[in-house]
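Report on the structure given below.
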Amino acid sequence: MLTNLAFEQLLDRYERQVYATAFRILCRREDAQDAAQEVFLRLYRHLGRIDEAAVSAWLYRVTVNVCRDMLRKRSVQPAQWPEADFDPADPGAQPDAEAGLGERKRMVAAALGRLSPKERAAVVLRDIEGLSTRDVARALGSAEVTVRTQLCKARRKIKDVIDGLQKVATMDGAAR
Amino acid sequence: MDCRKSQRWMALHVEGDLAARKAVRLERHLAECAECRAFAARMESSQAAVKALAAEPADESALREVRARVLARIAAEQPRPRAFPLWRWAAVAVLISISVTGYVIPNLIPTLPPPPPGPTPVAFVQPIVPPPREVARVVRVRKPKPVVKKSEPLLVKLETNDPNVVIYWIVGE
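This is the structure:
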């Protein structure tokens with residue numbers, strides 16, 4: 000079991016995981032910070048009851064739950080991803096090398112912004128965080144078959160959005 | 000297998016989420032269908048872009064802010080040592096003074112020697128008289144003070160077998 004002394008080490012080890020997961024689900028920096036703070040406070044209060052080997056899975060599950068609560072209670076709209084309204088035909092929206100955002104990254108961000116919260120959580124945990132389908136199902140509190148259905152829909156939506164944006168970008172490039 | 004099912008399965012197959020038996024059927028279909036192969040290529044490309052997000056550098060300033068906020072909240076939630084209220088100090092002072100008065104002061108007062116045995120007090124016997132007509136009078140009987148006699152020291156002479164040795168023993172009070 001974990002003790003208070005281990006808390007700061009856990010904060011060091013898992014702050015990226017928690018913040019990045021929350022950011023990809025909530026799509027806003029401030030919301031992701033609020034969620035990450037809440038997750039770590041819950042971790043602190045449950046330190047004595049969590050097995051060290053299960054911390055990462057516990058954090059994923061709590062992060063998803065906190066993000067869901069925020070989406071429900073505070074009417075946070077995940078589709079307000081900064082890059083969600085990316086228009087490849089808009090010169091002002093072209094990739095900014097200084098900001099380090101590639102065109103494809105912006106397209107992916109736009110595609111993620113168009114997924115439902117459950118689909119986005121499934122994609123974030125499975126495809127970005129690299130969890131197994133079983134672990135994603137545990138984190139989401141769903142059956143594995145449900146997660147596979149969500150992943151199937153989400154991946155096809157992402158592909159369709161990226162395909163569409165690439166077509167527009169190609170047509171725009173040809174017009175110039 | 001039709002192309003719609005193939006493309007639905009492709010979304011799972013691209014990340015290894017399709018059951019092995021279905022994967023074999025899908026691969027067989029892809030070998031025959033150019034349209035589905037093109038679909039599979041675009042799916043792999045979009046998935047590669049999604050997975051590339053995992054390599055994004057973390058927003059360090061956001062992380063620092065989260066860390067500071069978490070530690071500040073935890074520090075604020077720690078139970079603070081309560082100040083000892085003034086009334087408790089007063090209560091402690093009273094208790095100490097009581098114990099000092101009860102135990103220390105009596106020990107400081109020199110104990111007087113017990114009084115020597117005096118004469119047995121004479122019992123006063125109320126003479127039987129006919130009851131007066133008035134209401135009974137309260138008669139205060141004073142306890143007689145013990146008479147202390149001054150006794151002179153007693154000289155005891157002890158003679159031994161040896162006529163030259165005589166022991167005088169003075170017994171005082």
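Protein chains in written order, with numbering that gives the first Met the number 0: chain C, 0 to 175; chain B, 0 to 172. Using N, Cα and C, we set each Cβ at its ideal position, and we do this for glycine too.
Under the Cβ distance rule, S45(B) counts among the residues neighbouring chain C, one pair being separated by less than 8 Å.
The secondary-structure analysis by DSSP pairs V170(B) across a beta bridge with L153(B).
By the C-beta criterion, the region 149 to 157 of chain C is judged to be in contact with the region 7 to 14 of chain B, since at least 3 inter-stretch pairs fall below 8 Å. Non-local beta-carbon contacts of R133(C) in its own chain, meaning distances under 8 Å to residues more than five positions away in sequence, involve E143 in chain order. At least 8 Å separates the beta-carbon of V122(C) from that of L130(C). DSSP, read as helix, strand or coil, puts E51(C) in helix. Contact check for M69(C) against D11(C) fails: the beta carbons are separated by 8 Å or more. Of the residues K156(C), Q165(C), A34(C), E118(C), the one whose Cα lies closest to the Cα of K72(C) is A34(C). Boundaries of the alpha helix (DSSP H) around A31(C): 28 to 44.
Cβ neighbours of L154(B) within its own chain (closer than 7 Å, five residues either side excluded): Y167, I169. A Cβ-Cβ contact shorter than 8 Å links R66(B) with E14(C). Around the beta carbon of W57(C), 16 or more other beta carbons sit within 10 angstroms, so the residue counts as buried. Considering only M42(B), Q6(B), E26(B), the residue with the shortest C-alpha distance to G163(C) is M42(B).
Nearest CB-CB separation between L124(C) and chain B: not below the 8 Å threshold.
Counting C-beta atoms within 10 angstroms of its own C-beta, K156(C) has 16 or more neighbours from the protein chains shown and is therefore classed as buried.
Nearest to A109(C) by C-alpha distance, out of Q16(C), N64(C), K158(C), is K158(C). With 16 or more other Cβ atoms from the protein chains shown falling within 10 Å of its own Cβ, R23(C) counts as buried. Interface residue (Cβ-Cβ distance to chain B less than 8 Å): K158(C) is classified as such. About 11 Å separates the CB atoms of A48(B) and I127(C); that is not less than 8 Å, and the two are not in contact.
DSSP, read as helix, strand or coil, puts V165(B) in strand.
Y43(C) and F6(C) have their alpha carbons spaced roughly 7 Å apart. Taking CB atoms only, R24(B) has no neighbour in chain C less than 8 Å away.
Between A57(B) and A19(C), the CB-CB gap stays under 8 Å.
Taking the Cβ atoms as the reference, R60(C) lies roughly 7 Å from R137(C), within the contact range of under 8 Å.
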